[in-house]
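Following: one structure in structure tokens, then a few remarks.
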Amino acid sequence: MSTEDSERSGSSKEVVTDENIKKIHKMILNDRKLKLNEIADTLKISTERVHHIIHEYSVMRRLCAKWMPRDLTFHQKQRRVDNSEQCLKMIKRNKLEFLHRYVIINETWLHHFTPKSNRQSSE
0 MSTEDSERSG SSKEVVTDEN IKKIHKMILN DRKLKLNEIA DTLKISTERV HHIIHEYSVM
60 RRLCAKWMPR DLTFHQKQRR VDNSEQCLKM IKRNKLEFLH RYVIINETWL HHFTPKSNRQ
120 SSE
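Take 0 as the starting number for the sequence shown in numbering that gives the first Met the number 0 and just add one per residue.
As structure tokens, then:
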């Protein structure tokens with residue numbers, strides 16, 4: 000019996016480089032609706048490694064269909080709640096107008112704010 004683990008096939012951890020981390024971050028900022036497999040295909044690495052890089056080395060997380068910064072301030076969270084409540088009121092008031100405004104026109108402005116990291120805010 001051996002306590003050594005045999006080498007496994009598949010992607011190595013060598014793809015977790017500063018260069019790939021920066022590329023993935025830039026790709027997400029350019030298109031927040033990107034899918035893991037699209038990023039993996041572009042960089043020629045596995046989706047598992049892309050997932051690992053995003054969740055371990057990035058300050059992003061998936062929210063609905065877009066990548067959003069992980070740390071939101073109380074004010075930002077409250078603004079999202081207020082906007083959601085406003086949308087619900089519009090639906091109750093006039094569903095057709097709401098659908099025309101948000102689905103047919105397909106132009107929704109969502110302002111976002113990228114908070115400073117702990118290191119940046121302490122400088």
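Here a beta-carbon is modelled for each residue, glycine too, at the ideal position from N, C-alpha and C.
None of the values given here were measured: they were computed from a predicted structure.
Note that the C-beta distance between H54 and L35 is not below 8 angstroms. If you look at T41, you'll find it in the alpha helix (DSSP H) that goes 35–42. Spatial neighbours of V14 in its own chain (CB-CB distance under 7 angstroms, excluding positions within 5 residues in sequence) are listed in chain order as I44, R48.
Between the C-alpha atoms of Y56 and Q77 there is a straight-line separation of about 27 angstroms.
Annotation: E13 is outside any alpha helix (DSSP H) and is labelled neither H nor E by DSSP.
A distance below 6 angstroms between beta-carbons, with the five flanking residues on each side excluded, links R100 to no residue of its chain. Note on geometry: alpha-carbon atoms of I27 and L71 lie some 18 angstroms from one another. Ranked by Cα distance from L42, the options E18, R31, K32, N29 are led by E18.
As the crow flies, the alpha-carbon of R79 is around 26 angstroms from that of I23.
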